[in-house]
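These notes are about the structure you will find just below.
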Amino acid sequence: MRHRRAPRTLFGRALIRAELTVKTPGIQRVPFWSREAIDRLATKRLVDTVDMACRHVPWYHERMEAGELHPEDIRSPADLERWPTVGLHQLHDEPLSMLSDQWKPDECIEILSSGSSGHRKTVYLEPNTFLANAVYQTRSRPIITALAGQFRGLRTLIMAPLASNEQRLRVMYGEWLAMRPARHPIPRINNFAPFEEKLAEVNRIKPDVVSGVTGVVSSFFMEVLDRGVDCHRPKLLKLSVEGFARGHRERIEKELGIPAVMGYASSESTKIGFECEERNGYHIHEDFCLLRIVDDDSRGLPEGEVGRVVITNLVNRATMLINYHQGDRGYVTGEPCPCGRTFSRVFLTQSKETPLLKAPNGRIVHYADLLRPIVTKPEFVRLQVVVESPDFWRILIESEDPDVSKAWVSTITDPLKEWTEGTVRLAVEFTRDFEMSPISGKQSPVIIRDAQ
Ligand SMILES: [Zn+2]
0 MRHRRAPRTL
10 FGRALIRAEL
20 TVKTPGIQRV
30 PFWSREAIDR
40 LATKRLVDTV
50 DMACRHVPWY
60 HERMEAGELH
70 PEDIRSPADL
80 ERWPTVGLHQ
90 LHDEPLSMLS
100 DQWKPDECIE
110 ILSSGSSGHR
120 KTVYLEPNTF
130 LANAVYQTRS
140 RPIITALAGQ
150 FRGLRTLIMA
160 PLASNEQRLR
170 VMYGEWLAMR
180 PARHPIPRIN
190 NFAPFEEKLA
200 EVNRIKPDVV
210 SGVTGVVSSF
220 FMEVLDRGVD
230 CHRPKLLKLS
240 VEGFARGHRE
250 RIEKELGIPA
260 VMGYASSEST
270 KIGFECEERN
280 GYHIHEDFCL
290 LRIVDDDSRG
300 LPEGEVGRVV
310 ITNLVNRATM
320 LINYHQGDRG
330 YVTGEPCPCG
340 RTFSRVFLTQ
350 SKETPLLKAP
360 NGRIVHYADL
370 LRPIVTKPEF
380 VRLQVVVESP
390 DFWRILIESE
400 DPDVSKAWVS
410 TITDPLKEWT
420 EGTVRLAVEF
430 TRDFEMSPIS
440 GKQSPVIIRD
450 AQ
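First residue of the sequence shown? That's 0 in numbering that gives the first Met the number 0, and the numbers climb one at a time after it.
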């Protein structure tokens, strides 16, 4: 990756510096600003985003040239109602059409991931967006302090699939900043280890904070509850990527006394929202990401009404997304939160929740682990796992060239056979005929036929 700054970025180094260094009493950080001040900042960034996108991003530029889009129409976030929406298929079919001509793919951090339907999508992050992460950290500091009793010196343990985007991002930021690897890297639990081994690790490390992917972490603590075993209790679970399965959060918090705090993030917009000390909805990072709720015809819905989540990223100047269908459903409220933050809150009614794959030998596999060996292949379109019964899994793959893709079969099944110790019969099929989830009616990357 070459080092280069965006020719023009409104990301606001000065503002970030202010937010990172503000110590003067009476000077508020952005989430506590007045409504007017937040709206002013968001509007300024939105107008600039639209202007940049129309000049430099092919998808927007072509429509502007054809007279279909008028950047001058957007003078405030409310005007986004008149702007077209973009869906996941655009990032799958033509990811370069959403990339600014001011950035080359090899200058960016490339994020490959699967959408809620299991489709592959590509997002390019401008390296400058790593600064946003520093700001997110400062925003989480008072919340972690309130819930865990301290911020510094917390012992953290990670529970996540092997190659999560978050881990890749951390490595890439490190390279970009030419940082030396940490002397004491954060310990990580081997996702494929049997439950007893994970339990022994947790009891040995005694973490204050367990950080990771919701499904992986919650399934471990649910197993602790179900088996009634003695397990070290961390002060806090710091989770993101997907929602909790119904009832899991309540049981872990009540019966084990471990609070969880969630982040709302996506590969398209990195961080979108965060839970505060109240843990009642996600405050939207409104200075980085605008969030609207629309109906199925992409018409804006009023506060409190449930609809589809559409986001506009105000930070990333590489892949630029204005009115992007995030794939979640929820509603927004501007009602004041007892924490005092002014940022509006979004409540998700349906978030991407990928069921874990549990083999009869007790090993647990996350969908992302199956995806990892093939997601970067150019012919790959999407993948779905259908668990017909605990010991029979069908792996459906859509590929643009099934003949070439036959070679993928063993790269997926060989490690799976090892993890599941032959307790699962595997069938790999190349098809375009994917199944809908009987629960959500949407295409889900994992479908579990039998309750396990
Ligand atoms: Zn709050």
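The beta-carbon is built from N, C-alpha and C at its ideal position, and this holds for glycine as well.
- By the 16-neighbour rule on beta-carbons within 10 angstroms, Met435 is exposed.
- Between Phe342 and Ile283 a beta carbon distance of about 5 Å is seen, short of the 8 Å cut, so the two are scored as contacting.
- Annotation for Val423: no alpha helix (DSSP H) segment contains it, and DSSP assigns it neither H nor E.
- Counting the other CB atoms within 10 Å of its CB gives Pro126 a total of 16 or more, which places it among the buried residues.
- By the Cβ criterion, the region 199–214 is in contact with the region 354–370, since at least three pairs of Cβ atoms, one from each stretch, lie closer than 8 Å.
- With respect to Tyr263, Ile271 sits close: the two C-beta atoms are nearer than 9 Å.
- Proximity of the beta carbon of Glu334 to ligand 1 is not indicated: no heavy atom of the ligand is located closer than 8 Å.
- Within the DSSP secondary-structure output, Lys120 pairs in a beta bridge with Ser112.
- Rounded to the nearest angstrom, the Cβ distance from Leu79 to Thr311 is 6 Å, consistent with a contact under 8 Å.
- Within 10 angstroms of the beta-carbon of Asp327 lie 16 or more other beta-carbons, which makes it buried.
- Not one heavy atom of ligand 1 sits closer than 8 Å to the Cβ of Cys53.
- Leaving aside the five residues that flank Asp294 on each side, the residues in its chain whose CB is nearer than 8 Å to its CB run, in chain order, Leu300, Gly306 and Arg307.
- Bounds of the beta strand (DSSP E) holding Gly272 are Thr269 to Phe273.
- Ser409 places its beta carbon 9 Å or farther from that of Phe429.
- By the neighbour-count criterion, in which 16 or more other beta carbons inside 10 Å mark a residue as buried, Leu95 falls on the exposed side.
- In the three-state DSSP reduction, Lys416 falls in the helix class (H, G or I).
- Taking a C-beta distance under 9 Å as the contact criterion, Gly86 and His324 qualify as a contact pair.
- Positions of the alpha helix (DSSP H) runs, each at least 4 residues long and wholly inside the region 86–110, are given as 87–92 in order along the chain.
- A distance below 7 Å between beta-carbons, with the five flanking residues on each side excluded, links Phe243 to the following residues of its chain, in chain order: Thr213 and Ser217.
- According to DSSP, residue pairing for Trp392 in a beta bridge involves Val386 and Leu425.
- The beta carbon of Glu304 is closer than 8 Å to those of Ile292 and Tyr330 in its chain, skipping five residues each way along the sequence.
- Taken atom to atom, the span from the alpha-carbon of His91 to that of Pro57 is near 15 Å.
- For His282, the CB falls within less than 8 Å of some heavy atom of ligand 1.
- Taking each of Ala36, Pro76 and Trp32 in turn and checking the Cα distance to Thr48, the smallest one comes out for Pro76.
- Judged by pairs of C-beta atoms under 8 Å, the region 226–243 touches the region 139–158, as three or more such pairs exist.
- A distance criterion of 8 Å places the beta-carbon of Pro337 in contact range of ligand 1, judged by its closest non-hydrogen atom.
- Asn322 is classed as buried because its beta carbon has at least 16 other beta carbons within 10 Å across all chains shown.
- In the DSSP assignment, Gly262 falls within the beta strand (DSSP E) that extends over Ala259 to Ser265.
- Of the residues assessed, Lys120 falls on the buried side of the cut-off, its CB having 16 or more other CB atoms within 10 angstroms.
- Counting of Cβ neighbours within 10 angstroms places Ala133 among the exposed residues, the total staying below 16.
- Judged by beta-carbon spacing, Cys230 lies beyond the 9 Å limit of Cys275, meaning their Cβ atoms are not closer than that value.
- The beta carbons of Val386 and Arg424 sit no closer together than 9 Å.
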